[in-house]
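All letters in the sequence shown, in the order written, are residues 146 to 561 by the numbering used here. Note that CB positions come from ideal geometry on N, CA and C, so glycine has one too. Computed from a predicted model, the values in this text were never measured in an experiment.
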Amino acid sequence: MSVFGAGDDRRLLEIGCGSGAVSIWATIRGFKVHTCDINPLAVAALRGRAKEMGIEDRLTVVEGGPGEGEVKAWSGGHEFDLIIWNPPYLDPPKQGEPQLGPLEEAGMVDLDWSQGSGALLLSEIEQGKLLKKDGTVLIIRSSTTIGRYLGEQAIAGGWASRPTVSMTFADGEHLEVLACWKPWSGREIETVHEISSTNSVILDEGGESGRCIRAEKQTEGKGQRERTWLSNNGDLTASWLLEPKTPGLLQLAAGSAIMSALDSLESEEPSEHWMKWPNDIWNAEGKISGTLAQSRTTPEGERVVLGIAVNLTEREMKERGSIMGIDAHTLALRIDCALAGLLEKRNCIPDHNDEDIVAAAWRSISLKLSEGARVSSPEFNGAVIGLDKHGRLLVDTGQEIVTCDSTYDLTWSFNS
146 MSVFGAGDDR
156 RLLEIGCGSG
166 AVSIWATIRG
176 FKVHTCDINP
186 LAVAALRGRA
196 KEMGIEDRLT
206 VVEGGPGEGE
216 VKAWSGGHEF
226 DLIIWNPPYL
236 DPPKQGEPQL
246 GPLEEAGMVD
256 LDWSQGSGAL
266 LLSEIEQGKL
276 LKKDGTVLII
286 RSSTTIGRYL
296 GEQAIAGGWA
306 SRPTVSMTFA
316 DGEHLEVLAC
326 WKPWSGREIE
336 TVHEISSTNS
346 VILDEGGESG
356 RCIRAEKQTE
366 GKGQRERTWL
376 SNNGDLTASW
386 LLEPKTPGLL
396 QLAAGSAIMS
406 ALDSLESEEP
416 SEHWMKWPND
426 IWNAEGKISG
436 TLAQSRTTPE
446 GERVVLGIAV
456 NLTEREMKER
466 GSIMGIDAHT
476 LALRIDCALA
486 GLLEKRNCIP
496 DHNDEDIVAA
506 AWRSISLKLS
516 EGARVSSPEF
526 NGAVIGLDKH
536 GRLLVDTGQE
546 IVTCDSTYDL
556 TWSFNS
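Shown next, in the form of structure tokens:
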């Protein structure tokens, strides 16, 4: 929290104040603090301490919390700049195993096992309209419990997210603070009935970073190397205006964002789709998604546009597949969240560096590599072994490691 600087009368909501150490610290820093706890002893203790310190006019303490009655009752019904929670995250004990006392059990064990406490909080923030457009939510999550799914759950609920700080313990447990926010200050995706090319329109018009146009019908869709991208009514065709970035890394980020959006679908297992370097998404039927990054230099600076198309209707073309069961608008919202988590610049939240983007892409690309993936071109043939720091493909030919930075004349094969 120290990176957020002085409070300057910004509103802070802390869930589960406990001893009140964080709430008191934030109050002294100049935040207007509202905090809650389901433990009545914690509430009484903090109220007494706030009075002793003479800060009770800037620190409100109530009993309750997410999942405990009306949202307004424990939140005060305010809009907050910052909402924080170190939620209970231990696995519930199995039947017959020892249990903690009632208050300790509630404070340390994630009893909302159907979704997890973090997802519950995001849902109730949405329901109660508790976060300002530029606000941030900070939630601690563990790698060993249901909290590890919070990133996918956030995307499904309309939230961008990004890890900020983390630590790993000797037993392998990994804890991190996950920052969540509404993509690009909660701006709306622009939906048009018919357009020539979403990429072309944004390149022509510009706008604020994060601007997105989705077309229900695109008449002049573009693919790689001046090819035409053919889409049907019901498919997703959309473009985003983004901050300038190395083209190779932008392509990797695009593919990773699509994968994350698809992984957030409850109806499909992540293993049913995979990412082919640098950004195409495939399933058993064939290619289901492609991206196109373009740029233009203008008097205002460089404009970078990322176009994404996903097949959501049946295909009869060879090596073309589709993903069914989701509409274009819903998928656009999820890709929007995933892209923002990877690329949006946020005050006080560290940007993803190039290594983070490469690592995210490699996790998606490597899903298929266990099947003996090999690539060949007129110059080489070998096994895919990784990505370099610029996102280029590394191929082991048996005699040397080759760096590949183009998909032109590149052929993939798998043993299975």
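Residue i versus residue j: straight-line alpha-carbon distance, rounded
i: P238; j: S434; result: 43 angstroms
i: G638; j: N492; result: Nothing about residue 638 can be read from this structure; the chain reaches only from 146 to 561.
i: H223; j: E197; result: 25 angstroms
i: G163; j: M404; result: 38 angstroms
i: S330; j: D279; result: 5 angstroms
i: L410; j: V148; result: 34 angstroms
i: D182; j: L204; result: 13 angstroms
i: T442; j: F176; result: 42 angstroms
i: V206; j: K490; result: 33 angstroms
i: T542; j: Q240; result: 54 angstroms
i: D499; j: T475; result: 28 angstroms
i: I530; j: D554; result: 19 angstroms
i: D154; j: D472; result: 42 angstroms
i: G296; j: E215; result: 26 angstroms
i: L514; j: R332; result: 38 angstroms
i: V322; j: P328; result: 18 angstroms
i: L484; j: A305; result: 8 angstroms
i: G292; j: L320; result: 10 angstroms
i: E545; j: L394; result: 24 angstroms
i: Y294; j: A406; result: 13 angstroms
i: I480; j: S354; result: 16 angstroms
i: A190; j: N184; result: 10 angstroms
i: N560; j: E516; result: 6 angstroms
i: W419; j: E430; result: 12 angstroms
i: V178; j: I228; result: 10 angstroms
Helix, strand or coil at residue i [DSSP, three-state]
i: C325; result: strand
i: N344; result: helix
i: M420; result: strand
i: A272; result: Reading off the sequence shown, one finds Gln at residue 272, where the question assumed Ala. In the structure shown, Q272 sits in a helix (DSSP, three-state: H, G or I).
i: R174; result: coil
i: W304; result: coil
i: T289; result: coil
i: G446; result: strand
i: C482; result: helix
i: L245; result: coil
i: D279; result: strand
i: A429; result: coil
i: A151; result: coil
i: E297; result: helix
i: G263; result: helix
i: Q439; result: strand
i: I160; result: strand
i: T165; result: Note that residue 165 is Gly in the sequence shown here, rather than Thr. Three-state result, G165: coil.
i: S551; result: coil
i: E339; result: strand
i: G351; result: coil
i: G452; result: strand
Cβ-based neighbour list, residue i, same chain, cut-off 7 angstroms, excluding 5 preceding and 5 following
i: V447; result: The sequence shown places Glu at residue 447, not Val. Same-chain partners within the cutoff: P389, S440.
i: F225; result: R156, L157, L158, L275, L276, K277, G280
i: S521; result: T556
i: R307; result: A324, G486, I494, H497
Residues near residue i by beta carbon distance below 8 angstroms, same chain, minus five either side
i: A477; result: I334, C357, R359, L381, A383
i: R194; result: G165, I169
Own chain partners of residue i with C-beta closer than 6 angstroms, once the 5 adjacent residues on each side are dropped
i: T564; result: Absent from the model: residue 564. The displayed extent of the chain is 146 to 561, so no value can be given.
i: N424; result: Q396, A399, G400, T436
i: A505; result: S401
i: E361; result: H338
i: K421; result: W427
i: W507; result: L532
i: I468; result: I433
i: G527; result: V540, D541, T542
Cβ separation of residue i and residue j, assumed to be a contact under 8 angstroms, to the nearest whole Å
i: S262; j: G302; result: Between G302 and S262 the Cβ distance is about 14 angstroms, and since that is not below 8 angstroms, they are no contact.
heavy atom of the ligand MG below 7 angstroms from residue i C-beta
i: I546; result: For the structure depicted, the ligand MG is absent and the ligand set is empty, with no information on it obtainable.
- Hey, which unbroken runs of the alpha helix (DSSP H) at 4 residues or more fall wholly within the stretch 185–237? 185–198, 216–220
- Message: Give the list of continuous alpha helix (DSSP H) stretches no shorter than 4 residues that lie fully inside the stretch 460–541.
- Response: 473–488, 499–510
- Message: Suppose only complete runs of 3+ residues qualify. What are the beta strand (DSSP E) ranges in the stretch 359–408, listed by chain order?
- Response: 381–387
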